[in-house]
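So for the sequence shown, full-length UniProt numbering puts the first residue at 1; every next one is plus one. Built from N, CA and C at the ideal position, the CB exists for glycine as well. Computed from a prediction, not measured in an experiment: that's the story for all the values here. Step one of this worksheet: look at the structure below.
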Amino acid sequence: MSESHFGHEMIMRACFQNGKTKPWKTIELPNKAPVWNDDTQSCVLNSHGRVTQASVKNFQIVHENDPDYVVMQFGRVADDVCTLDYNYPLCALQALAIGLSSFDNKLVCE
């Protein structure tokens with residue numbers, strides 16, 4: 001992981017098989033950078049209404065070939081509730097693992 005202006009930027013490398021006989025291909029899935037909102041005086045991501053509370057743990061992962069294709073988004077909807085949406089090329093297990101990793105070691109401390 002590398003440090004970015006907006007905090008920790010997650011770059012995920014994933015391996016996917018292209019058909020039955022083709023070799024595995026590694027792709028990078030970078031975080032979508034938030035944009036400045038003059039009304040709220042903060043950096044925001046457009047979650048299309050799925051994320052309702054601001055949090056430093058909110059993030060979106062986009063496809064390396066199409067920065068408008070959100071592969072996964074994770075965000076807070078209540079004090080103890082988060083939402084996780086994912087698309088191809090991630091499976092449910094991969095998306096859950098990425099979402100849980102955003103909590104770091106704080107689950108054990110609370």
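What do you reckon, are the CB atoms on residue i and residue j nearer than 8 Å?
i   : j   : result
V71 : L90 : yes
How far does the beta strand (DSSP E) with residue i in it extend, from its first residue to its last?
i   : result
G75 : 66–78
Q60 : 59–63
S42 : 42–44
L90 : Note, L90: premise wrong, no beta strand (DSSP E); not H, not E.
V35 : 35–37
Leaving out five residues before and five after residue i in sequence, what residues of the same chain have Cβ atoms less than 8 Å from its Cβ?
i   : result
A92 : Y86
N37 : C43, V44
For residue i, which residues from the same chain have a beta carbon less than 6 Å from its beta carbon, with the 5 sequence-adjacent residues on both sides left out?
i    : result
L107 : Reliability of the predicted coordinates at L107 is poor, the pLDDT of 49 falling under 50, and the value obtained from them is presented with this limitation in mind. Around L107: no qualifying Cβ.
Since residue i and residue j should fall inside the 8 Å C-beta cutoff, what is the C-beta to C-beta distance between them, to a whole number of angstroms?
i    : j   : result
G99  : F74 : 5 Å
T83  : V51 : 6 Å
V77  : Q60 : 15 Å between Cβ atoms; not a contact.
S102 : K57 : 5 Å
So, for residue i: in the same chain, excluding its five sequence neighbours on each side, which residues have a beta-carbon less than 7 Å away from its beta-carbon?
i   : result
S47 : Q73, G75
- Cβ contact (3+ pairs, closer than 8 Å) linking the region 55–73 and the region 26–34: yes
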